[in-house]
Amino acid sequence: MTQALNTVQVSALPNLYPGFVHFSLRSLVQGSRSPCTLRLEAYSSASQRLRLVVAQEAGSRLEDDWLARLLQAGIHHGYIAQDDLDRFQEYLRSQASRLLASAPQDSELQYCLIYEQALCALKGAMLEPRNGRRLASGVATVRQLLDLAWRDDRARQGLLKVMTRDGRLAKHCLNVCLLGLGVARDQGWTRQETENLGLALFFHDLGLAEQPGGADCSLLEPTAAEPGLRQHPQLSGDFLGAVPDLAPEVVETVCNHHEYLDGSGYPQGLKAPALSRGARLARIVDYYETATAGRGDCQGLSPFEALLRLGQEMKDQVDQELLQALVRFLGNV
Ligand SMILES: [Fe+2]
Ligand SMILES: [Fe+2]
Numbered sequence: 002m003t004q005a006l007n008t009v010q011v012s013a014l015p016n017l018y019p020g021f022v023h024f025s026l027r028s029l030v031q032g033s034r035s036p037c038t039l040r041l042e043a044y045s046s047a048s049q050r051l052r053l054v055v056a057q058e059a060g061s062r063l064e065d066d067w068l069a070r071l072l073q074a075g076i077h078h079g080y081i082a083q084d085d086l087d088r089f090q091e092y093l094r095s096q097a098s099r100l101l102a103s104a105p106q107d108s109e110l111q112y113c114l115i116y117e118q119a120l121c122a123l124k125g126a127m128l129e130p131r132n133g134r135r136l137a138s139g140v141a142t143v144r145q146l147l148d149l150a151w152r153d154d155r156a157r158q159g160l161l162k163v164m165t166r167d168g169r170l171a172k173h174c175l176n177v178c179l180l181g182l183g184v185a186r187d188q189g190w191t192r193q194e195t196e197n198l199g200l201a202l203f204f205h206d207l208g209l210a211e212q213p214g215g216a217d218c219s220l221l222e223p224t225a226a227e228p229g230l231r232q233h234p235q236l237s238g239d240f241l242g243a244v245p246d247l248a249p250e251v252v253e254t255v256c257n258h259h260e261y262l263d264g265s266g267y268p269q270g271l272k273a274p275a276l277s278r279g280a281r282l283a284r285i286v287d288y289y290e291t292a293t294a295g296r297g298d299c300q301g302l303s304p305f306e307a308l309l310r311l312g313q314e315m316k317d318q319v320d321q322e323l324l325q326a327l328v329r330f331l332g333n334v
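Everything in the sequence shown is counted per this note's numbering, starting at 2 for the first residue and increasing by one.
If you want it as structure tokens, here you go:
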């Protein structure tokens with residue numbers, strides 16, 4: 002069972018809406034103007050299948066009751082065209098700054114906007130993992146998250162509280178990054194060490210982004226990993242070559258994020274002496290997020306079950322001191 006989660010398989014489900022990425026409706030601010038055309042998934046009785054329909058044109062006012070009605074009906078996600086990703090990210094950034102200027106105290110909406118903005122930056126990087134400008138935007142995003150996570154506990158915990166989990170690739174990477182930043186900060190790592198870890202975790206699965214579905218593809222488990230997918234840590238590291246002045250520790254952590262202390266990991270089967278503290282913590286938070294995230298209709302493990310597995314069945318595979326650090330961090334959230 003533990004070996005199973007050492008593997009990763011990208012969903013074989015077809016990408017239903019090529020050219021579109023999905024977003025959370027909670028990132029829309031009531032009364033604001035839609036930054037781009039927003040689409041919702043709807044069932045067409047004529048074609049007897051789901052399809053995207055335009056729900057708001059670019060520039061239209063997002064009425065309060067429109068959003069409330071959708072959320073009440075259990076509709077939480079919409080779709081935007083990939084080409085609109087930058088525009089949508091800018092909308093989130095400006096709404097977050099406006100909110101901060103008018104109500105500088107922490108608020109859930111503020112953290113939601115920051116979380117969704119970071120997700121847009123990551124989706125942009127995953128859309129074009131060889132594009133230096135996209136990767137640079139991701140680096141800037143991690144530094145902003147670190148600024149926030151560094152300055153006070155409330156911000157660190159606020160971001161974790163708005164985290165949503167559905168097993169999709171970009172969301173998984175952002176969640177793992179936020180967990181890692183929190184644990185490293187709590188453990189007294191230096192700011193540079195924490196930043197290096199955050200960057201590594203943000204980009205750790207970039208090598209999976211060229212799979213069908215891209216940033217929105219689902220990571221399924223357990224199954225036997227395809228040999229090609231076992232190279233994704235190395236591929237992620239290679240993509241990061243497009244980022245100038247990146248510390249070698251970042252690439253080392255990315256390349257070794259699936260390695261276990263007893264040599265049972267991949268791609269190289271490295272053992273404890275060859276694994277840095279960053280790579281060890283990456284393995285733990287990556288495992289934890291993967292195990293606890295749901296996958297469509299499939300529920301993940303409870304946090305308790307996932308931590309128990311890491312501490313018992315996997316006690317020879319993962320660093321138990323760092324595991325305790327994760328347990329303490331989660332206990333404070
Ligand atoms: Fe991975
Ligand atoms: Fe991962």
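Glycine included, each C-beta is placed from N, C-alpha and C at the ideal position.
| said: With H, G and I counted as helix, E and B as strand and the rest as coil, what does DSSP make of Ile76? | reply: Position 75 of the sequence shown, counted from the start, is the residue given in the question as residue 76. In the structure shown, Ile76 sits in coil (DSSP, three-state: anything other than H, G, I, E or B).
| Which residues share a DSSP beta bridge with His23? | Numbered from 1 along the sequence shown, position 22 holds the residue referred to as residue 23. Beta-bridge partners assigned by DSSP to His23: Tyr80.
| task | On a CA-only basis, which of Gln49, Cys37, Ser48 and Lys272 is nearest Ala56? Give me that one, please. | result | Locating residue 56 in the sequence shown gives position 55, counting from the first residue. Distances from the CA of Ala56 to each of Gln49, Cys37, Ser48 and Lys272 were compared; the closest alpha carbon is that of Cys37.
| request: With distances taken Cα to Cα, identify the nearest neighbour of Thr337 among Glu194, Phe24, Asp263 and Leu302. | output: Here the chain comprises residues numbered 2 to 334, so residue 337 is not present and cannot be evaluated.
| said: Quick check: the Cα distance between His259 and Gly208, rounded to an integer number of angstroms? | reply: As a first step, residue 259 must be located in the sequence shown, where it is residue number 258. As a first step, residue 208 must be located in the sequence shown, where it is residue number 207. Roughly 13 angstroms separates the two Cα atoms.
| Between Gly139, Val334 and Asp217, which lies nearest to Tyr80 when the distance is taken from Cα to Cα? | Your numbering for residue 80 matches position 79 in the sequence shown. Nearest neighbour of Tyr80 by Cα position, chosen from Gly139, Val334 and Asp217, turns out to be Asp217.
| query | Span of the alpha helix (DSSP H) holding Gln300? | reply | Your numbering for residue 300 matches position 299 in the sequence shown. Counting along the chain, no alpha helix (DSSP H) covers Gln300, and no H or E run does either.
| query | Applying the criterion that 16 or more other CB atoms from any shown protein chain within 10 Å of the CB defines a buried residue, is Val22 buried or exposed? | reply | Here residue 22 refers to the residue found at position 21 when the sequence shown is read from its first residue. Result: buried.
| Do you know whose CA, among Glu306, Arg310 and Val319, lies nearest Leu271's CA? | Looking up residue 271 in the sequence shown gives position 270. The shortest Cα separation from Leu271 among Glu306, Arg310 and Val319 belongs to Val319.
| said: Shorter than 7 angstroms, the distance from the beta carbon of Pro234 to the closest heavy atom of ligand 1, or not? | reply: Within the sequence shown, the letter at position 233 stands for residue 234. The beta carbon of Pro234 sits closer than 7 angstroms to at least one heavy atom of ligand 1.
| request: Could you check which residue in His78, Glu117 and Ala82 has the C-alpha nearest to that of Ser95? | output: In the sequence shown, residue 95 corresponds to position 94, counting from 1. Per the Cα distances, Glu117.
| task | With distances taken Cα to Cα, identify the nearest neighbour of Leu1 among Ala156, Val54, Leu29 and Glu58. | result | Because the chain in this structure spans residues 2 to 334, residue 1 falls outside the shown range and cannot be described.
| field | Coil, strand or helix - Arg157 by DSSP | value | Against the sequence shown, residue 157 aligns to sequence position 156. Reduced to three states, the DSSP call for Arg157 is helix.
| query | Sorry if obvious, but does the Cβ on Asp206 come closer than 7 angstroms to a heavy atom of ligand 2? | reply | Locating residue 206 in the sequence shown gives position 205, counting from the first residue. Asp206: yes, Cβ under 7 angstroms from ligand 2.
| message | Buried or exposed for Ala225, going by 16 or more other Cβ atoms inside 10 Å? | response | As a working note, residue 225 is residue 224 in the sequence shown. Note that Ala225 scores 46 on pLDDT, short of 50, meaning its location in the model is unreliable; the coordinates nonetheless yield the value given after this. Classification for Ala225: exposed.
| field | Residue-level contact to chain D via CB, Cys37, 8 angstroms cutoff | value | The structure shown contains no chain D; it is built from a single protein chain.
| task | Within the same chain, show all residues whose beta-carbon is closer than 6 angstroms to that of Thr3, passing over the 5 residues directly before and after it, in chain order. | result | Sequence index remark: in the sequence shown, residue 3 carries index 2 (1-based). Since pLDDT at Thr3 reaches only 42, below the 50 mark, its modelled position is unreliable, and the value read off the structure follows with that caveat. The beta carbon of Thr3 is closer than 6 angstroms to those of Glu314 and Met315 in its chain, skipping five residues each way along the sequence.
| Relative to the alpha-carbon of Gln269, which residue among Cys113, Gln300, Arg231 and Gly215 has its alpha-carbon at the smallest distance? | One-based indexing of the sequence shown puts residue 269 at position 268. It is Arg231.
| request: Inspect the beta-carbon positions of Met127 and Leu175 and report whether they are closer than 8 angstroms. | output: The sequence position of residue 127 within the sequence shown is 126, counting from 1. The sequence position of residue 175 within the sequence shown is 174, counting from 1. Taking 8 angstroms as the cut-off, the beta carbon of Met127 is found no closer than this to the beta carbon of Leu175.
| task | State the beta-bridge partners of Ser219 as determined by DSSP. | result | Here the question's residue 219 lines up with position 218 in the sequence shown. Paired residue(s): Arg169.
| query | Can you tell me whether DSSP reads Glu58 as helix, strand or coil? | reply | On the sequence shown, residue 58 is found 57 positions in, with the first residue counted as 1. Under the three-state reduction of DSSP output, Glu58 falls in the coil class, being neither helix nor strand.
| task | Assuming Asn197 and Val251 form a contact by the criterion Cβ under 8 angstroms, report the distance between their Cβ atoms to the nearest whole angstrom. | result | The residue labelled residue 197 in the question sits at position 196 within the sequence shown. The residue labelled residue 251 in the question sits at position 250 within the sequence shown. Between Asn197 and Val251 a beta carbon distance of about 5 angstroms is seen, short of the 8 angstroms cut, so the two are scored as contacting.
| request: With Ser46 as the anchor, note down where its alpha helix (DSSP H) starts and where it stops. | output: By 1-based counting over the sequence shown, the position of residue 46 is 45. Per DSSP, Ser46 belongs to no alpha helix (DSSP H) and is neither H nor E.
| Closest Cα partner of Gly181 within the set Asp246, Leu200, Thr165 and Arg62 | Sequence index remark: in the sequence shown, residue 181 carries index 180 (1-based). Nearest option by C-alpha distance: Leu200.
| request: Return the CA-CA distance between Met164 and Gln158, expressed in angstroms with no decimal places. | output: Position 163 of the sequence shown, counted from the start, is the residue given in the question as residue 164. Position 157 of the sequence shown, counted from the start, is the residue given in the question as residue 158. Cα to Cα, the separation comes out at about 10 angstroms.
| Rounded distance between the beta-carbons of Val286 and Val184, thought under 8 angstroms | The count along the sequence shown starts at 1 and reaches residue 184 at position 183. The count along the sequence shown starts at 1 and reaches residue 286 at position 285. The pair is a contact, with the Cβ atoms about 7 angstroms apart (cut-off 8 angstroms).
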